[in-house]
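By the numbering used here, the letter at position 63 of the sequence shown is numbered 71, and the numbering carries on one by one without gaps.
Step one of this worksheet: look at the structure below.
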Amino acid sequence: MTLSSEYGYYFLIVFLIVSNIVLLNFIIAILSNTYAQLKDVNKALYLNEVVKVRNIFEYDKYYMSIVALFIPLNYLFLPVVPFVIFLKSKTLNKILLHIAYLPVLILGTTTFFVV
């Protein structure tokens, strides 16, 4: 084995390692660029779905006290549901909504003044 053939093997090994590192770097750059583009599109698609749901979730003057309750309180208001359905009263709906969102009002107000 001559000196030039030994240098050729070393050069080949270094070339293969460096080219693999460069190609891996290119793949990482392409994937991160694609992720950044899809991240912006993902946010736009999410907001589009929120707007679609908001149009469906309109205020109902008779049954909004049943529909608009959040999870811990909707179980507490289950005994009232038949009265809301059968009486179909605007005032009962308004009173129940005020009762349901009173804890949110108190928590939000105290958080505002404390922070």
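For every residue, glycine included, the Cβ atom is placed at its ideal position computed from N, Cα and C.
Residue i burial status per 10 Å Cβ neighbour count (16 or more: buried)
i: N101; result: buried
Supposed contact pair residue j and residue i - C-beta distance, whole angstroms, cut 8 Å
i: L77; j: F85; result: 6 Å
i: K69; j: K98; result: 5 Å
Continuous alpha helix (DSSP H) stretch holding residue i: start and end
i: S73; result: M72 to V75
i: K98; result: K98 to V122
i: F94; result: V89 to L95
i: L81; result: I79 to L84
Any C-beta of chain D under 8 Å from that of residue i
i: K69; result: Of the chains in the structure shown, none is chain D; there is only one protein chain.
From the options, residue whose alpha carbon lies closest to that of residue i
i: V112; options: V122, F91, G16 and L81; result: L81
**Q.** Given 8 Å, three or more beta-carbon pairs between the region 96–114 and the region 70–87
**A.** yes
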